[in-house]
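2 protein chains.
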Amino acid sequence: MVDRKEKDMSIIEQLRKGNIPDVLKKVAELENVHLDHIVSGILEGTIVVPHNNLKTLDKPCAIGKGLRIKVNANIGTSQDHEDIEEELEKLKIAVKYGADAVMDLSTGDKARDTRLQVVKNSPVPVGTVPVYEAFLKAGKHKGTIMRLTADDIFDAIEQHGKDGVDFITVHCGITMESVERMRKQGRLADVVSRGGSLLIEWMVLNEKENPLYQYFDRLLEICKKYEMTISLGDGMRPGAIEDATDRAQIQELIILGELAQYAVENGVQVMIEGPGHVPLDQVETNMKIQKSLCNNAPFYVLGPIVTDVAPGYDHITAAIGGAVAAMSGADFLCYVTPAEHLRLPTVDDVKVGVIASKIAAHAADIAKGIPGAKEWDYRMSKYRKELNWEGMFKECIDEETARKMRGEIEPQNENVCSMCGEFCALKTLNDVFK
Amino acid sequence: MVDRKEKDMSIIEQLRKGNIPDVLKKVAELENVHLDHIVSGILEGTIVVPHNNLKTLDKPCAIGKGLRIKVNANIGTSQDHEDIEEELEKLKIAVKYGADAVMDLSTGDKARDTRLQVVKNSPVPVGTVPVYEAFLKAGKHKGTIMRLTADDIFDAIEQHGKDGVDFITVHCGITMESVERMRKQGRLADVVSRGGSLLIEWMVLNEKENPLYQYFDRLLEICKKYEMTISLGDGMRPGAIEDATDRAQIQELIILGELAQYAVENGVQVMIEGPGHVPLDQVETNMKIQKSLCNNAPFYVLGPIVTDVAPGYDHITAAIGGAVAAMSGADFLCYVTPAEHLRLPTVDDVKVGVIASKIAAHAADIAKGIPGAKEWDYRMSKYRKELNWEGMFKECIDEETARKMRGEIEPQNENVCSMCGEFCALKTLNDVFK
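Now the structure itself:
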């Protein structure tokens, strides 16, 4: 361990010394919760505040126990489609419709430029998956991704820290042990995690352990330096309903639980990533087992989507799974857009994806009794009862769309809508009970 | 009771005599369940097969215990927008995307013409709310809906029977008692059921009991004559998250439970309608209490939607609530379109609404272990693993949309999609593990 000046200490280390970093005061205010709640949550590892120490976010947030459910939007290019301006447009619309964080998952040649622009323009925390870039570079400069070294991976992670990234997904639970368990049980869809599959390819062909697991301390040092929150990736997440909650998935989760505890002990904030494709009756179980195995670390889930058969509508399959997950323990929902399983999302897919996830998150906030949640619905329904359309529009999760739709078939009586026309039940009873 | 020839007996009466109507054999085959399951379910009142005896449906279905979750699509005009052709287009698209039943809720001047056309063209059971037409006629011919008589209501119901309607919503649980309980507790949004609000207006201004409750035997006689299944409407369903699961709603449900038992005893098939606006943590409770109070009668829910704040996206709020409801006991999901709370649905809204509800229903079928459900997901994921796009498209809930989306950003390698491009995890592991 290098000696650190106090200002270089991580948030957890500062809190242990009794110092409260300013960012936490700002977050407590934005979250409308008591500062003590945030502080004790970070110290016990049940709350994270992803915030790279090289910059200041306009809209930082806290993720975890007792807090409003947060939503992440994935953006970024692939080799098949690279347009930085479009990604910045996606960032803008994601934030407009309420994304609490974004992940830039770019894998194209302009990956770093995209990342720098996203970090520069994002008011919310930015996450990345540095291993993509490490593999990309190895493939480009060394002829094959197989020649990637542990140094290449950690160099990429350090670069992301320097570039101002707030949280990184690292697939540390892809180990010889979890891969072996997967192969032993067998799976319909093997691995659907990009980072996970590349690491497995590297491990199998080189017959070596995953450097992100083997040199976990090195990872912690870099993350501490830049105050990057670790998001322990679930490379083994099921990619098919058939594979849900199998031994590979839970084996990886056990390993992630161990690593999470070790990370917090060593002063680094950490959250756990979760599935994936999960049948609805297994969603709650998946949330409870994560809390149990990972000391209640914040749980960041992708979806989960509750059926495989709805490409084009996976924002809906994910909203179903996400709402139930968030009600049962998930803290952070990664959106899924209608385009998942088909192509990169467009700007409009990003908008729809964020809104669907926000609906799931808000439904869970109401269910959990998060202060302020059901009050939003109260205001909306009060305006509805009063047939106050301007009031209603302003409370809508997407005001523009609601205004546009109502205008498309105009009612003869401006107080009602064309659904029931004169037979509007609210109007009828307002007259009767007035 | 009039004497009935055997052929005039209701399905329940025939089953009690040991005769099995042909329609049930057809339904058992379509449902892929043993005929005994359907027969015993109908006899004990846990399954209904809505099927007017004046016609033969191409796609009849059974709704209830142990069966695949069914989906209903509401179509129909209002006074503000009347176009029969458009409604028939909605019928067509609803059936194409998997609606198991439709309800024609027309309230315009052409209500009967619309109904006749819908019944004529629908391969699936058609439901209606006859009381709309009764009130509409009273308003038109008697100057005010207040002059409506019990005869007017039962004449309308008889007409719907003659017109070939398979199931009718009747708000029999709107009684002096339940209305009083509602007024005593108070509500944010009072009543949002059109039929319910009109009946309350009539009851309050005339100081009379609801004829649908008072003369329930008369209702049963008509329904038996045409083998119309009764759908006991929930006029007291909450229209705001704030009002969910209150005393008025449960009081009505108690009354509906009594009436349902009496209907089955008297040879008429019956299901119960349910909410509405329900916070996610109360959805399961609502399903369990219905089963308990109503002798496990089939439960037909509208949504439920899990937040009030998302007009324009209520197919999603309803898919969340519907999936959880169906997993917890609901048997029949009434779709909600994006346009709910804003205007009449367009043809495209109907399509999206049906698909969202089918996703919810299918997610519940998987969760409940309904035979054949997860096999669909298995096929999809097997094709996905094989990167067999033609196979995948054919298993998609909406093949056209999936094909269109994938084509919008073409991948360089035709085996993958533009989401991950060359970094496709499935492709990577297919190469490693081949």
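Protein sequences, first through last, are from chains A and B.
Count along the first sequence from 1, then add 831; that gives the number in my numbering.
Count along the second sequence from 1, then add 831; that gives the number in my numbering.
Backbone N, C-alpha and C fix where the C-beta goes; we use that ideal spot for every residue, glycine too.
No experiment lies behind these values; they were computed from the predicted model shown.
So the candidates are A:Glu875, A:Thr877, A:Thr887, A:Asn863; which of them puts its Cα closest to the Cα of Pro852 of chain A?
Taking each of A:Glu875, A:Thr877, A:Thr887, A:Asn863 in turn and checking the Cα distance to Pro852 of chain A, the smallest one comes out for A:Thr887.
Listed in chain order, which residues of the segment 1229 to 1260 of chain A have Cβ atoms closer than 7 Å to some Cβ of chain B?
Answer set for the segment 1229 to 1260 of chain A: Asp1229, Thr1232, Ala1233, Met1236, Arg1237, Glu1239, Ile1240, Pro1242, Gln1243, Cys1248, Ser1249, Met1250, Cys1251, Gly1252, Glu1253, Phe1254, Ala1256, Leu1257, Thr1259, Leu1260.
Would you say Thr938 of chain A reaches chain B, if we count a Cβ-Cβ gap shorter than 8 Å as a contact?
Closer than 8 Å: yes.
Going residue by residue through the segment 1050 to 1119 of chain A, where are the continuous alpha helix (DSSP H) segments of at least 4 residues, counting only ones entirely within it?
You should have 1078 to 1096.
Helix, strand or coil, according to DSSP, for Met832 of chain B in the structure here?
Interpretation of Met832 of chain B is limited by its pLDDT of 35, a score under 50 that renders its predicted location unreliable; the figure taken from the coordinates is listed afterwards. Assignment of Met832 of chain B by DSSP, reduced to helix, strand and coil, places it in the coil class.
Please classify Pro954 of chain B: is it buried, with 16 or more other beta-carbons within 10 angstroms of its beta-carbon, or exposed?
Its Cβ having fewer than 16 others within 10 Å, Pro954 of chain B is exposed.
For chain B, find out if any of its Cβ atoms is closer than 8 Å to the Cβ of Arg1215 of chain A; answer yes or no.
At a cut-off of 8 Å between C-beta atoms, Arg1215 of chain A counts as an interface residue with respect to chain B.
Assigned secondary structure, Asp935 of chain B (DSSP; H/G/I helix, E/B strand, else coil)
It is a strand residue.
For the candidate residues B:Lys1039, B:Leu898, B:Val1109, B:Val1114, whose alpha-carbon lies nearest to that of Ile1072 of chain B?
The option with the nearest alpha carbon to Ile1072 of chain B is B:Val1109.
Drop a sphere of 10 angstroms on the beta-carbon of His1193 of chain B, count the other beta-carbons inside from all chains shown, and report buried for 16 or more, exposed for fewer.
That one is buried.
For a test of the three-state rule: what should DSSP assign to Val1035 of chain A, helix, strand or coil?
In the structure shown, Val1035 of chain A sits in a helix (DSSP, three-state: H, G or I).
Helix, strand or coil: how does DSSP classify Ile873 of chain A here?
In the structure shown, Ile873 of chain A sits in a helix (DSSP, three-state: H, G or I).
Where the alpha helix (DSSP H) containing Gly1152 of chain A begins and where it ends
DSSP places Gly1152 of chain A in the uninterrupted alpha helix (DSSP H) bounded by 1145 to 1159.
Cross-chain neighbours of Gly974 of chain A in chain B, by beta carbon under 7 Å:
Below the 7 Å Cβ cutoff, chain B contributes no neighbours of Gly974 of chain A, its closest Cβ being approximately 15 Å away.
Assigned exposure category for Pro1202 of chain A - 16 Cβ within 10 Å defines buried:
That one is exposed.
Taking DSSP as the reference, what is the three-state secondary structure of Ile999 of chain B?
Strand.
Going along the chain, which residues of the segment 1072 to 1091 of chain A sit with their C-beta nearer than 9 Å to a C-beta in chain B?
Answer in chain order: Ile1072, Glu1073, Asp1074.
Thr1138 of chain B versus chain A: which residues are under 7 Å apart at the beta carbon?
Under the 7 Å cutoff, chain A gives Ile1190, His1193, Ala1194, Ile1197, Asp1208.
Let me check understanding here. Comparing Cα to Cα, which of A:Ala1141, A:Ile1136, A:Ala1149, A:Gln1082 lies closest to Ile1120 of chain A?
Per the Cα distances, A:Gln1082.
Reducing DSSP to helix, strand and coil, say where Leu1029 of chain B ends up.
DSSP, reduced to helix, strand and coil, places Leu1029 of chain B within a helical segment of the structure shown.
Supposed close pair Thr803 of chain B, Ala1195 of chain B - CB separation, criterion 8 Å
Absent from the model: residue 803 of chain B. The displayed extent of chain B is 832 to 1265, so no value can be given.
Same chain, Cβ closer than 6 Å to Lys1039 of chain A, five either side skipped, listed in chain order:
Listed in chain order, the non-local C-beta contacts of Lys1039 of chain A below 6 Å within the same chain number zero, local neighbours out to five positions each way being set aside.
Taking only the alpha-carbon atoms, compute the straight-line gap between Lys941 of chain A and His882 of chain A and give it to the nearest angstrom.
Taking the straight line from one Cα to the other gives about 24 Å.
Say whether chain B places a C-beta atom closer than 8 Å to the C-beta of Gly1017 of chain A.
Not flagged as an interface residue toward chain B: Gly1017 of chain A, since no C-beta distance is shorter than 8 Å.
Taking C-beta to C-beta, are Val880 of chain A and Val858 of chain A nearer than 8 Å?
Yes, the pair counts as a contact, with Cβ atoms nearer than the cut-off.
Below 7 Å CB to CB, which residues in the same chain sit around Glu1008 of chain B once its five sequence neighbours on both sides are set aside?
Excluding residues up to 5 positions away in sequence, Gln1082 lie with their Cβ nearer than 7 Å to the Cβ of Glu1008 of chain B in the same chain.
In terms of residues, what are the limits of the alpha helix (DSSP H) holding Tyr1166 of chain A?
Tyr1166 of chain A -> no alpha helix (DSSP H), and no H or E assigned at all.
Please look up how many angstroms separate the CB atoms of Ile842 of chain B and Glu1058 of chain B, rounded, as I've assumed it's under 8 Å.
About 6 Å separates the two Cβ atoms, so the contact holds.
If I follow the unbroken alpha helix (DSSP H) through Ile988 of chain A, where does it start and stop?
981 to 993 is the extent of the alpha helix (DSSP H) around Ile988 of chain A.
Closest by C-alpha distance to Gly1153 of chain A, when choosing among A:Asp1180, A:Pro956, A:Leu919, A:Lys1189:
Of the candidates A:Asp1180, A:Pro956, A:Leu919, A:Lys1189, the one whose C-alpha sits nearest the C-alpha of Gly1153 of chain A is A:Lys1189.
Are any of the Cβ atoms in chain B nearer than 8 Å to that of Ser871 of chain A?
Cβ-Cβ to chain B under 8 Å: no for Ser871 of chain A.
Would you call the CB atoms of Tyr1209 of chain B and Leu1111 of chain A closer than 8 Å?
In this structure, Leu1111 of chain A does not lie closer than 8 Å to Tyr1209 of chain B by Cβ.
Using only the alpha-carbon positions, how far apart do Ile900 of chain B and Ala1161 of chain B sit?
Separation of Ile900 of chain B and Ala1161 of chain B (C-alpha to C-alpha, rounded to the nearest whole angstrom) is 8 Å.
Take Ser1028 of chain A and list the residues in its own chain whose beta-carbon comes closer than 7 Å to its own, dropping the five residues that flank it on each side.
Contacts found: Val1022.
Do Leu885 of chain B and Gly1064 of chain B come within 8 Å of each other at the CB atom, strictly closer than that value?
Contact flag unset, no.
Cα separation between Glu844 of chain B and Gln1100 of chain B?
When rounded, the distance between both Cα atoms is 10 Å.
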